[in-house]
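Enquirer: Please see the structure below; I have some questions.
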Ligand SMILES: Nc1ncnc2c1ncn2[C@@H]1O[C@H](COP(=O)(O)OP(=O)(O)O)[C@@H](O)[C@H]1O
Ligand SMILES: Nc1ncnc2c1ncn2[C@@H]1O[C@H](COP(=O)(O)OP(=O)(O)O)[C@@H](O)[C@H]1O
Ligand code: SF4
Ligand code: SF4
Ligand code: SF4
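Chains as they are written, first to last, in the numbering used here: chain A, 150 to 444; chain B, 840 to 1286; chain C, 133 to 507; chain D, 11 to 261.
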């Protein structure tokens, strides 16, 4: 089977709010979220989403931050880095972002971001990223009350999905849809280990399973693993999912089914940038505070 | 293909009696309150006769055997385990107690008939502390049940052949305090007559087990380990009931008869295996697989041999079914002296507790090797039991000792109470490798 | 202060030097329930056997199944690697099964002149415990006498008791300074003090403690205290983690107290002298703030924890649980409820040498973020 | 009569053609999706190399994790531990511990002088101690296995990789690069981590002399060096180590 690098890819993109004039704003803030897989730069004006970029994380954090920010600024009517009053870095690479004035963990940022995206009734947030799974409980202001994180083993995270995409030559973005094209939900694969999962998938194919069926089995196994973690903390409503995997309906719907709870959805914002949004909101608040105390 | 000797097989007659007794045991506990009886709960074999002395209508539940039985129903067990984990109870805690706490949490108790009844809340927690967490299990269980009073007896002293007078004194002190405590908590009196009756039954049952067990030294073995699992728990469930010693005597006689007539547990017996510790209860078909495909019979373990049973164990590990006191010997003593004699008997015969829980594996290895010698075994398959630190303690050292003595040893991972820690296909692969390497070809293809 | 760190860093060299200097014998022990007094009385140096966090523990995997706590496996691994080749004896006072397994494997594979297992009761609330443990100590003393070919007199015992008692008392005095709004010693320093106390000659350690007690009132602390943290946990000598929390986060924090055996639990309670020395020693250990495995049927540890929280003005707790540590794992659900009632936020870390430091860092930082105003 | 041994691994399918214990040819192809096809390809390649056609009465024996997958070609199988033992003895009759380390699976065996496998241990649940661990790292660092392996020998400073997981290790490596660690030191740390894991398996069966290493990982000099340090013995490496199991199957 041809191995192609392309199947794991998702579209990198940028966006600017139409009809917003940043020059009229009193505060321009920015959040940069450098994850193990993806990097987002989010620019907000007066607490409203103005522009963002979403791209694959490069081989080092300062570069990735630089690229993501420049790209986010690309189509913004002359906005430049100097016009941004405060930048907060978050994510795995947060300590290595030269232009950021402050680093805050992705846990706090995802909670605040989810609060912004889905509204103040969100209490439980599931963030499934490239190598981490986090379950976060927060209050109505988006402040974290409690959280859990996977450790040691990356089984069940986004990287595993990417490996599957390459292996099965199914574009990552189609995995979710395809995984439902089966007559009957198969048994989950027994190993969610990124490495062994690959071999197991191969041997299922050799047994004559369709690609769809293998995907279903793999998505189900991931959902099981994630649900195990969620149940350790318990779910309170509303329940929201952020991070790149929130776009994988193959996993999301199975999680909802296992938990018997539907996650809140929105068309308005991209849930993968929740961390970046949270960081930008923190940046805004921090700037206001420094302005007050600094006179 | 190697030539295969064939022995005649017959089903065990005593089997159904065991099944009935098990049903009676669990049902009577669940229904204890209907007749005004009391429920005592704790670690199995916590000096049952003393508890029984508080009334014929006292019913005693051992949480380990209950949980082992619940583990058979793997879907039910899974619900229990998940209930625990969502409550913040760690995955790697005692595989048994997760079934037990889980039952409390979901308010479900499973009977051998698969019938599910509401959780029968205990009235008293009476337990021994043999590992480093036992009495704590019930502390927590009692809290989950909304506050059941607990009494724990520290058994972390010398047990088995190293036992001393000081150790008996320590346990006796605690027992005397415990009796006072139960009297206060339940308002019932300790009945000496009842104690004499119960304890004589108990010791008789424990000792009869040894007599039955010895018949497996025969080739072919009249009974296999999987069947032994159905009987031996009565040593700690309700040994103080007259039915139990009767059952064991009947089993003993049946095994004798089978040996006399050359009846085998497994007709194709050609390789005899020692195992260790509680098995993966929900996956006992592994034993059947080995029997059918390789003619390999598992027929002994320090677990079924010693748990709550009555042996006199010599310094070199040789075993003789223990002698029991007569009614007169017990009756003529005063209460304290009688309790002392009973405790001394129990402590000195419970070699398994001592070798397992103090982790004294030099001694355990010696016992294992002795069984291998006397029971004429060819190899060992050891369960690395993620569900129980206690019974998994020292097993890797035992393994090294057995290998050193020249026997082949295989280990496999599992969890007595939780199938999620067990990989069936992987285990079968290991077993196949093990036998192939020993030059034992399959009796039937595939499997 | 630096001597504590040096001793902690170079404990093996220290013990070897000590042997050369004094010609005495060194005994390794596995759990702090071991009565060190009797060893000092016999002029034997007791050193606690520790593992080495972050170093490979695979060498122990033939002997200890990997469902046992990393601490116990790491202790044995250090032994098998030859780090403890200077020991003349080993001993254990019965505590949890994990560490017992390390002891038995040690006894089998690393033979030394002398090895001893004390049946320290688990029923520290049981009737008859004092008498039983006293009996154990009598036998322990006798066996030491046989090994060393000398008798241990009451005067010797008094000497041993004095050395240990002084040591523990001094540490209690020093711990007072952690109650300050700006604690005069950090959690890391505190850990080094207790750690070094368990691996050096306490006479020497006592001098350093006394010196420190005189210095502490004037000690300048130029770090921000931040969140006042408590560690509640299994065995924990992880200095790297402690340092990371106190020095490496973007939010300030200080460990002001702990409940574990490389900390206050080691020295917390008072010694009550009596004519029967061994009986007094037995009482001392049995009445100590209990390890969870010995804390039943009543829970005594929780109220002790509560006192510490109040006295040290603790704001948040980190539950440092060694992975697979059953005694602690089982206390955790109830402990969480208890802390909830006290309104003390906590974060549970399942500690394993294999968890990358970066991940722990994110977690602890996120935890601190939950309890401060970020803006 | 020619004997053909085939080892179907998770990554590579290897074939060994022997006559009277003499190697006529060795060949390897990637284990593709269809194992029948790969095996046929490998056999053909081997025969071509040997310069012979398919003998009429060749005995074909299969081993490796895919050994049950090619019933049309041969049902004559031999398990991995036995073929490994035989392969090891072919080169080194003094072998007592045999390590077969491939892309995903590692098996460690203890054998006696009669070539009986007394005991064995495998990496059951996690792949983080086998060849693909190295491959992931080389991908993350954009280098080749060969260069990466060799660079371990130039290591000057000791750093530790804490992560157990392949995936976490990747990002740990990336951040080590940023913190300025040299490639040689990182490579040293990775190979040491793998060697630690494999030596733990060795300890489980018991370390004895002589230790023979085979499988694709035996080609990795950085790993061999780290393993020797971890076990504190000199190990023996067969020529063409990745074919040892195939040779064992052919014998
Ligand atoms: N459009 C998409 N459809 C399905 N999955 C996606 C999509 N975009 C991203 N993903 C998944 O999300 C993962 C990255 O998640 P993200 O939260 O961005 O990671 P990070 O941990 O780097 O922040 C990818 O590995 C991929 O599995
Ligand atoms: N020349 C080489 N240098 C270093 N490593 C190598 C070399 N050749 C193969 N390997 C390693 O061997 C592994 C493949 O081993 P192999 O035994 O062929 O795998 P399997 O039998 O599992 O399919 C690869 O993952 C790679 O890490
Ligand atoms: S010894 Fe085993 S069965 Fe008993 S409580 Fe401990 S873990 Fe459970
Ligand atoms: S108490 Fe816990 S940390 Fe301490 S040795 Fe036992 S299991 Fe390990
Ligand atoms: S099992 Fe797989 S995913 Fe998990 S730690 Fe190991 S290599 Fe990583």
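Even for Gly, the Cβ is constructed at its ideal location relative to N, Cα and C.
Could you tell me whether the region 1089-1109 of chain B touches the region 1172-1185 of chain B, where touching means 3 or more Cβ pairs closer than 8 Å?
Expert: no
Enquirer: Given residue 1224(B), which residues of its chain have a CB within under 7 Å of its CB, disregarding the five upstream and five downstream residues?
Expert: 1116, 1117, 1230, 1231, 1253, 1254 and 1255
Enquirer: With C-beta atoms as the reference, is residue 162(D) less than 8 Å away from residue 236(D)?
Expert: yes
Enquirer: Residues around ligand 4, please: the condition is that the C-beta lies closer than 6 Å to some non-hydrogen atom of it.
Expert: For ligand 4, residues qualifying as neighbours are 201(C), 203(C), 204(C), 228(C), 230(C), 231(C), 366(C), 367(C), 454(C), 457(C), 459(C) and 460(C), where qualification means a beta carbon closer than 6 Å to at least one of its heavy atoms (chain order).
Enquirer: Which first and last residues belong to the alpha helix (DSSP H) in which residue 474(C) is found?
Expert: 458-474
Enquirer: Say yes only if the C-beta of residue 159(D) is nearer than 7 Å to one or more non-hydrogen atoms of ligand 2, and no if none qualify.
Expert: yes
Enquirer: Can you tell me where the alpha helix (DSSP H) with residue 1126(B) in it begins and where it stops?
Expert: 1124-1133
Enquirer: Compute the Euclidean distance between the alpha carbons of residue 1081(B) and residue 867(B), then round it to the nearest angstrom.
Expert: 15 Å
Enquirer: Would you say residue 1285(B) faces chain A, with C-beta separation under 8 Å as the test?
Expert: For residue 1285(B), the predicted model reports a pLDDT of 49, less than 50, meaning its position is unreliable; a value from the coordinates is still stated below. No, residue 1285(B) lies away from the interface with chain A (no Cβ there is under 8 Å from its Cβ).
Enquirer: According to DSSP, simplified to helix, strand and coil, what is residue 1225(B)?
Expert: Looking at residue 1225(B) - three-state DSSP - the assignment turns out to be coil, as it is neither helix nor strand.
Enquirer: Using the beta-carbon count (16 or more within 10 Å), is residue 458(C) buried or exposed?
Expert: buried
Enquirer: So, does the CB of residue 928(B) fall closer than 8 Å to a CB anywhere in chain C?
Expert: It does: the Cβ of residue 928(B) has a partner Cβ on chain C nearer than 8 Å.
Enquirer: If the cut-off is 7 Å on Cβ atoms, which residues from the region 455-471 of chain C count as contacting chain B, listed in chain order?
Expert: 456, 458, 459, 461, 462, 464, 465, 466 and 468
Enquirer: I want to check one thing, is the minimum distance from the CB of residue 393(A) to the heavy atoms of ligand 1 below 7 Å?
Expert: yes
Enquirer: Measure how close the beta-carbons of residue 202(A) and residue 245(A) come, nearest whole angstrom, since I'm counting them as under 8 Å.
Expert: With 8 Å as the limit, residue 202(A) and residue 245(A) do not qualify as a contact, their Cβ atoms being about 18 Å apart.
Enquirer: Output needed for residue 150(A): all residues of its chain with C-beta closer than 6 Å, excluding positions within five of it in sequence on either side, in chain order.
Expert: Its pLDDT being 34, under 50, residue 150(A) is placed unreliably in this model, and the value from its coordinates should be taken loosely. Closer than 6 Å at Cβ, skipping near neighbours: no residue.
Enquirer: For chain A, check one thing: does any of its Cβ atoms lie closer than 8 Å to the Cβ of residue 925(B)?
Expert: yes
Enquirer: Using 10 angstroms around the beta-carbon of residue 244(D), count the other beta-carbons present and answer buried if the total reaches 16, otherwise exposed.
Expert: With fewer than 16 Cβ atoms within 10 Å of its Cβ, residue 244(D) is classed as exposed.
Enquirer: Consider the C-beta atom of residue 115(D) and the heavy atoms of ligand 2; say whether any pair is separated by less than 7 Å.
Expert: yes
Enquirer: Does the beta-carbon of residue 211(C), which I'm using as the reference point, lie nearer than 7 Å to any heavy atom of ligand 2?
Expert: No, since every heavy atom of ligand 2 falls outside the 7 Å radius drawn around the Cβ of residue 211(C).
Enquirer: Which residues, in chain order, does the region 174-206 of chain A contribute to contact with chain D at a C-beta distance below 8 Å?
Expert: Those would be 185, in chain order.
Enquirer: How big is the Cα-Cα spacing for residue 318(A) and residue 144(C)?
Expert: 57 Å
Enquirer: Counting pairs of beta carbons, one from the region 284-296 of chain A and one from the region 378-393 of chain A, are three or more of them closer than 8 Å?
Expert: yes
Enquirer: Can you say whether residue 177(D) is buried or exposed, counting buried as having 16 or more other CB atoms within 10 angstroms of its CB?
Expert: buried
Enquirer: For ligand 1, is there a heavy atom less than 7 Å away from the beta-carbon of residue 519(C)?
Expert: In the structure as shown, chain C starts at 133 and stops at 507, and residue 519(C) therefore has no counterpart that could be examined.
Enquirer: Who are the Cβ neighbours of residue 141(C) in its own chain at under 8 Å, not counting the five residues just before and after it?
Expert: none
Enquirer: By Cβ distance below 7 Å, which residues in the same chain neighbour residue 949(B) in space, the five residues on each side in sequence not counted?
Expert: Excluding positions up to five away in sequence, the list reads 909, 912, 915 and 955.
Enquirer: Since I believe residue 978(B) is in contact with residue 1037(B) (beta carbons under 8 Å), could you give me their beta-carbon distance rounded to a whole number of angstroms?
Expert: Residue 1037(B) to residue 978(B), Cβ: 27 Å. No contact.
Enquirer: Could you name the residues of chain B that residue 381(A) contacts, counting a contact when the two beta carbons are closer than 8 Å?
Expert: 924, 925 and 927
Enquirer: Give the residues of chain C in contact with residue 1232(B), contact being defined as C-beta atoms less than 7 Å apart.
Expert: Here the neighbours are 229 and 233.
Enquirer: Looking at C-alpha atoms only, which residue of 1113(B), 1153(B) and 1260(B) is the closest neighbour of residue 1214(B)?
Expert: 1113(B)
Enquirer: Would you list, in chain order, the members of the region 106-128 of chain D that have their beta-carbon closer than 7 Å to a beta-carbon of chain A?
Expert: 114
Enquirer: Could you check if residue 323(C) is buried or exposed, using at least 16 other CB atoms within 10 Å of its CB as the buried criterion?
Expert: buried
Enquirer: So, does the region 1122-1141 of chain B touch the region 1268-1275 of chain B, judging by three or more C-beta pairs under 8 Å?
Expert: yes
Enquirer: Ordered along the chain, which non-local residues of its own chain (more than five positions away) have a Cβ less than 6 Å from that of residue 277(A)?
Expert: 392 and 394
Enquirer: Report the three-state DSSP secondary structure of residue 297(A) (helix, strand or coil).
Expert: strand
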